[in-house]
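K.L.:
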Amino acid sequence: MSQGSTPLMSRITTSLLALALVGVAACGATLPPPELVDARKAYDHASKGLAAQLAPAQLDTAKQALDKAEKSFEDHGVDQPTPDLAYIAERKAELAEATAGKAAAERDAEGADKKFKNAQLEGLDKTTAELNKERQNSEKTKAELEQEKKALDQEKAARVEAEKRAASAMASLQEIAKVKEEARGMVITLSGSVLFATAKYELLPIARDKLDEVAKALIDQGFKSIIVEGHTDSRGKASDNDTLSLRRADSVRSYLVSRGIPSDKITSQGLGSSRPVADNGTADGRANNRRVEIVVSPIK
Amino acid sequence: MLRKLALRMILVGLPVASAACGGAAVPQETLTAAQASVKGAEVGGANEDPKAQLHLKLANEQIDKAKKLIEDGDNEEAARVIDRAQADADLALALAQQAKALRDAKEADESLGKLKRKLSQ
């Protein structure tokens with residue numbers, strides 16, 4: 475039996491050896507299954523990306539799975555379990571990448587949240603600063619309003635006081651002179667006989683007292699401008715009368731200026747006998763015509 | 044003589060082969076774990092992201108396939124299919140979580156942009 479089977483066994487052995495050699499040759503040339511190609515690519519991609527830094531444990535697991543698939547490929551070629559192991563390795567590599575992507579996104583979100591909170595705080599600071607500024611402004615406005623009110627009150631009180639003074643001044647004026655309201659202003663008429671000696675233009679002592687009163691009343695009452703007009707009766711030469719009336723007006727003006735009336739607000743003119751107020755035919759009439767009129771333009 | 048040898052080999056080999064197939068235990072534990080992972084991926088929002096949804100679908104299909112293989116007694120093949128299902132379920136969850144993190148990051152960035160615009164007004 476052993477003798478008879480020897481050639482057959484030898485042939486089988488030879489065939490098996492040949493088959494094995496073919497197998498080995500085929501194995502050496504065998505291309506990896508597509509699953510393994512994909513797994514290698516996936517791992518390569520993952521290991522070069524964020525996974526190495528953000529998901530090292532998952533990347534290591536993927537490496538181990540790939541190694542297992544590679545080993546299976548060495549041992550079993552394209553047959554199972556190589557494709558299944560490669561399939562798993564590819565997913566583990568993708569999982570490592572997804573885990574890294576998640577970590578990166580969380581890091582980004584955290585950064586944005588932090589910036590959001592900082593911006594909110596900055597906004598809050600800004601709002602607080604604005605509110606403080608507004609409050610300060612409103613306090614300032616309040617203070618200003620109070621000041622304005624105070625000023626108005628003071629002004630009102632001053633006006634009341636001035637009116638009072640003006641009324642009082644008017645009353646005292648009316649005691650010493652004739653006062654009347656005309657279109658050209660308030661006209662204070664002083665009799666010439668009270669102010670001057672005949673044909674003279676120097677003020678009499680009593681005239682000074684009266685003009686002191688007038689000056690005081692004018693200053694108290696306030697005015698815009700003053701015109702001092704000198705008038706005479708119709709006796710004598712007109713030119714003499716004009717000169718005399720002007721000199722008398724000047725005398726009154728100068729005296730009033732010396733009593734505090736601003737010189738730029740007071741003028742004088744001599745009108746002679748051109749504007750009589752009474753009959754020059756009678757002594758009384760002439761006496762009335764000899765006069766000085768102080769025309770006061772009021773403050774409007 | 045050779046025919047007898049071949050017959051003997053077949054007679055001896057068959058039970059060995061069937062023992063090898065039927066011998067592997069039912070991979071119940073890994074099946075349960077894979078099913079749990081599928082549930083976890085679903086809860087984790089895998090259905091809301093197309094790529095995650097694809098892997099969830101693959102996991103489900105492979106679980107069904109594994110169950111059928113177990114019914115047919117091919118536990119070894121079932122175990123491998125379950126491993127694939129597990130890998131797909133895990134990936135589905137990771138992709139869903141990544142997608143959610145990306146959405147959150149985008150939202151945070153948009154909120155920041157809105158706030159900045161509002162503050163600069």
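Protein sequences, first through last, are from chains A and B. With the working numbering, letter number 39 in the first sequence gets 513, and the count goes up by one each step, no holes. With the working numbering, letter number 81 in the second sequence gets 124, and the count goes up by one each step, no holes. Where is the CB? At the ideal position from N, CA and C, for every residue including glycine. Since this is a predicted model, take the numbers as computed values, not measurements.
When you compare the CB of D558(A) with every CB in chain B, is at least one pair closer than 8 Å?
P.N.:
For D558(A), the answer is yes, since a Cβ of chain B falls inside 8 Å of its Cβ.
K.L.:
Let me make sure I understand the geometry here. Which of P93(B), D117(B), A130(B), E150(B) has the alpha-carbon closest to that of A79(B)?
P.N.:
The shortest C-alpha separation from A79(B) is found at A130(B).
K.L.:
Mind checking if R123(B) is an interface residue toward chain A, Cβ cutoff 8 Å exclusive?
P.N.:
So, interface residue.
K.L.:
Determine the DSSP secondary structure at I773(A), reduced to helix, strand or coil.
P.N.:
It is coil, neither helix nor strand.
K.L.:
Closer than 8 Å by beta-carbon distance: list the chain B residues that pair up with E580(A), in chain order.
P.N.:
Within 8 Å Cβ-Cβ: A144, D147, A148.
K.L.:
For chain A, find out if any of its Cβ atoms is closer than 8 Å to the Cβ of A63(B); answer yes or no.
P.N.:
Per-residue confidence for A63(B) stands at a pLDDT of 44, beneath the threshold of 50, marking its modelled position as unreliable; the derived number appears in the next sentence. Taking Cβ atoms only, chain A never reaches closer than 8 Å to A63(B), which makes this a no.
K.L.:
If we cut at 8 Å on Cβ distances, does S154(B) have a partner in chain A?
P.N.:
Yes, S154(B) lies at the interface with chain A (some Cβ there is under 8 Å from its Cβ).
K.L.:
Quick check on this structure: which residue in S771(A), A712(A), K537(A), R764(A) has the alpha carbon closest to the alpha carbon of T741(A)?
P.N.:
The shortest Cα separation from T741(A) among S771(A), A712(A), K537(A), R764(A) belongs to S771(A).
K.L.:
Would you kindly report the start and end of the unbroken alpha helix (DSSP H) that includes L176(B)?
P.N.:
Nothing in the structure corresponds to residue 176(B), since chain B is present only between 44 and 164.
K.L.:
Three or more C-beta pairs under 8 Å: does that hold for the region 122-139 of chain B against the region 81-92 of chain B?
P.N.:
In short, these stretches touch, since the Cβ pair count reaches three.
K.L.:
If we ignore side chains and look at the alpha-carbon of each, how far apart do K82(B) and A570(A) end up?
P.N.:
When rounded, the distance between both Cα atoms is 21 Å.
K.L.:
Report the three-state DSSP secondary structure of G65(B) (helix, strand or coil).
P.N.:
Its pLDDT being 47, under 50, G65(B) is placed unreliably by the model, and the measurement read from it follows with that caveat. It is helical.
K.L.:
Run down chain A in chain order and give the residues with a C-beta less than 8 Å from the C-beta of K159(B).
P.N.:
In chain order: A593.
K.L.:
Return the chain-ordered ranges of every beta strand (DSSP E) run that is complete within the region 694-771 of chain A and spans a minimum of 3 residues.
P.N.:
As far as the region 694-771 of chain A is concerned, its whole beta strand (DSSP E) runs of at least 3 residues are 699-705, 740-744, 765-771.
K.L.:
For Q164(B), would you say it is in contact with chain A, using Cβ-to-Cβ distances shorter than 8 Å as the test?
P.N.:
Not an interface residue.
K.L.:
Return the CA-CA distance between R160(B) and Q554(A), expressed in angstroms with no decimal places.
P.N.:
Their backbone Cα atoms lie some 59 Å apart in a straight line.
K.L.:
What is the residue span of the alpha helix (DSSP H) that T73(B) lies within?
P.N.:
Unbroken alpha helix (DSSP H) run through T73(B): 71-86.
K.L.:
Using a C-beta to C-beta distance shorter than 8 Å, which residues of chain B count as neighbours of A632(A)?
P.N.:
Under the 8 Å cutoff, chain B gives no residues; its nearest Cβ is about 49 Å from A632(A).
K.L.:
Show which residues of chain A have a CB atom less than 7 Å away from the CB atom of D131(B).
P.N.:
Ordered by position in chain A, the residues that pass the 7 Å Cβ test against D131(B) are R565.
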